[in-house]
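These notes are about the structure you will find just below.
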Amino acid sequence: METQLEKVLSDIVTQPDTVGALLANRQGLCLGAKGDINPNVSGIGMAISDQVAGLEPRNAVAQPEARHPTICLYSGNRRCVIQRNGEITGVIYKQHTSVPTSD
Amino acid sequence: MDKEKLIAPNQMGYLILKDDGNLLDSGGDLKNDDRSANVIMGLLNLTDSIDEDFMPNSSCERITIDYDQHYYSICMSNRRIYVVKLSKTHTQNGATTSSSSSTSYNDAAEGNNISSSTVLA
Amino acid sequence: MEYVHSVWNYIASVCSCLHCAEDVGAQNIEPNERTHLLVDPVNHSPALRRSNSDGLSNDYPTHFPKKMTKRHYLDLYRIQQCLLKDVPSHQFYITKPIYAKDTLQMKLFIEKALIGVNQIQIDHKEAVVVPFQIP
């Protein structure tokens, strides 16, 4: 039933530098989590994407395809990437094990 | 009229806030933009860490909010919060690839059943 | 001798348990100096409820006495928490864009996840609403 979702999550955590990932629904409940990530993060992840959605609400009306900003929080060699798309919010934890590529 | 501060060469606008949220300076697209300032302060004060196990409390050096054509960079220095809106078209590295890939966004979401193994191929 | 000692310990522990039980009972009946702590609204700090995300920022004032305005509350709250850390030079961080591969990875992740979420279906094998059996 939810194999597709599990497959997507398992896939994402095998990618380079990716530590964990989860999906939250509109209520901030965790739809699935894989890797080293606390499922409770779904609530705050959703709240952050919700808050950021208020930054450019006009942009959302003018360009519907451009309405989902990607939010990234950086701390040392770790970063947390958050994005919302309508009903769901994705959270990915990343950690540099190699030399950073940009800069 | 005070002169606009140049924080980054590709800036479109900026806000400088005190750590209590009071607007100290602003310019460009974000000139006197109290609404955006409130949204940003709301974001910063929502929590002190998304997950203490992953990132210690109050340890974010910066936050990026990335749109197709521009992005916001947020950081705090000397108890001043800097919010800068930057253009992607002026940037030297990295940004052009991400904006070009976004054109096929809707097609991919609705049309093809993408096989999971091709991620970041 | 040791036996006597252990018996004595046992009796002492039973007595203290009884004493505790009495104490708990007494607390239920009449308020003492600790009772007010249980209903202290400050203890319902939103920091403790961070996973309850819906309307996080909207319900702050309800957890404070009426005379505190939202502004006062936010001033207090701000001292407690902020995502950011104070860095020596803002210029160093401000100009860095997001990693292009992060946005691409997230985009593909969300697109595939949406397909996955839409595939979730609930099979109703039994009646969800069961009629009352009125005689």
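Protein sequences, first through last, are from chains A, B and C. For the first sequence, full-length UniProt numbering gives the first residue as 1, with consecutive numbering after it. For the second sequence, full-length UniProt numbering gives the first residue as 1, with consecutive numbering after it. For the third sequence, full-length UniProt numbering gives the first residue as 1, with consecutive numbering after it. Positions of the beta carbon are idealized from the N, C-alpha and C atoms, including for glycine.
### Query
For Gln-95(A), which residues in chain C fall below 9 Å Cβ to Cβ?
In chain order: nothing, as chain C lies at least about 12 Å away.
### Residue-level contact to chain C via CB, Ile-40(B), 8 Å cutoff
no
### Query
Closest by CA to Val-39(B), which one among Leu-23(B), Leu-6(B) and Gly-28(B)?
Leu-23(B)
### Query
Shortest alpha-carbon distance to Glu-87(A) belongs to which of Ala-100(C), Asp-86(C) and Ile-115(C)?
Ile-115(C)
### Message
Classify Arg-35(B): buried if its beta carbon has 16 or more other beta carbons within 10 angstroms, exposed otherwise.
### Response
exposed
### Message
Please state whether the Cβ-Cβ distance between Arg-62(B) and Ile-16(B) is less than 8 Å.
### Response
no
### Query
Count the other CB atoms within 10 Å of the CB of Asn-85(A); is the residue buried (16 or more) or exposed (fewer)?
buried
### Query
From Cys-60(B) to Gly-76(A), what does the alpha carbon distance come to, in whole angstroms?
8 Å
### Distance, Asp-123(C) Cα to Asp-19(B) Cα
52 Å
#### Entry: Distance, Arg-79(A) Cα to Pro-57(A) Cα
26 Å
### Task
Could you tell me the distance, in whole angstroms, from the CA atom of Thr-89(A) to the CA atom of Gln-133(C)?
44 Å
### Query
Who are the neighbours of Lys-125(C) on chain A, taking C-beta pairs under 7 Å?
Within 7 Å Cβ-Cβ: nothing; Lys-125(C) doesn't reach chain A, min ~13 Å.
### Message
Rounding to the nearest angstrom, what Cα-Cα distance links Gly-27(B) and Ile-94(C) in this structure?
### Response
16 Å
### Message
If I follow the unbroken alpha helix (DSSP H) through Ala-113(C), where does it start and stop?
### Response
100-119
### Task
Let me know if Asn-45(B) comes out buried or exposed under the rule of 16 or more other beta-carbons within 10 Å of its beta-carbon.
buried
### Query
Which class does Ser-89(C) belong to by DSSP, given the choice of helix, strand or coil?
coil
### Query
Start and end of the alpha helix (DSSP H) containing Gln-4(A)?
3-12
### Query
Does the separation of the CB atoms of Lys-7(A) and Gly-20(A) fall below 8 Å?
no
#### Entry: Neighbourhood of Thr-70(A) by C-beta, 6 Å cutoff - its chain only, sequence neighbours within 5 removed
Gln-83
### Message
Taking 8 Å as the threshold (C-beta atoms), are Phe-54(B) and Tyr-93(A) in contact?
### Response
yes
#### Entry: Residues in the segment 74-85 of chain A having any Cβ partner in chain B nearer than 7 Å
Tyr-74, Ser-75, Arg-78 and Cys-80
### Query
When the distance is taken between beta carbons, is Tyr-72(B) closer than 8 Å to Lys-85(B)?
yes
### alpha helix (DSSP H) segment containing Val-130(C), residue limits
Per DSSP, Val-130(C) belongs to no alpha helix (DSSP H) and is neither H nor E.
### Query
Which word fits Ile-74(B), buried or exposed, when buried means at least 16 other C-beta atoms lie within 10 angstroms of its C-beta?
buried
### Query
Buried or exposed: where does Gln-51(A) fall if 16 or more other Cβ atoms within 10 Å of its Cβ makes it buried?
buried
### Message
Within 8 Å of any Cβ in chain B, is that where the Cβ of Gly-45(A) sits?
### Response
yes
### Message
Between the alpha carbons of Val-41(A) and Leu-84(C), how many angstroms are there, rounded?
### Response
18 Å
### Query
With a cut-off of 8 Å, does the C-beta of Ser-36(B) fall near any C-beta of chain A?
yes
### Task
Kindly list, in the order they appear in chain C, the residues whose Cβ is closer than 8 Å to that of Ile-12(A).
Gln-105 and Phe-109
### Task
For Gly-45(A), verify whether its CB is less than 7 Å away from any heavy atom of the ligand ZN.
This structure simply doesn't include the ligand ZN, nor any ligand for that matter.
### Where Asn-85(A) sits in the DSSP three-state scheme
strand
### Message
Quick check: what's the CA-CA separation for Lys-125(C) versus Pro-39(A)?
### Response
30 Å
#### Entry: DSSP three-state assignment for Leu-23(B), whether helix, strand or coil
strand
### Task
May I have the straight-line CA-CA distance separating Asn-118(C) from Val-130(C), to the nearest angstrom?
28 Å
### Task
Could you please give the first and the last residue of the uninterrupted alpha helix (DSSP H) stretch that includes Asp-50(A)?
41-53
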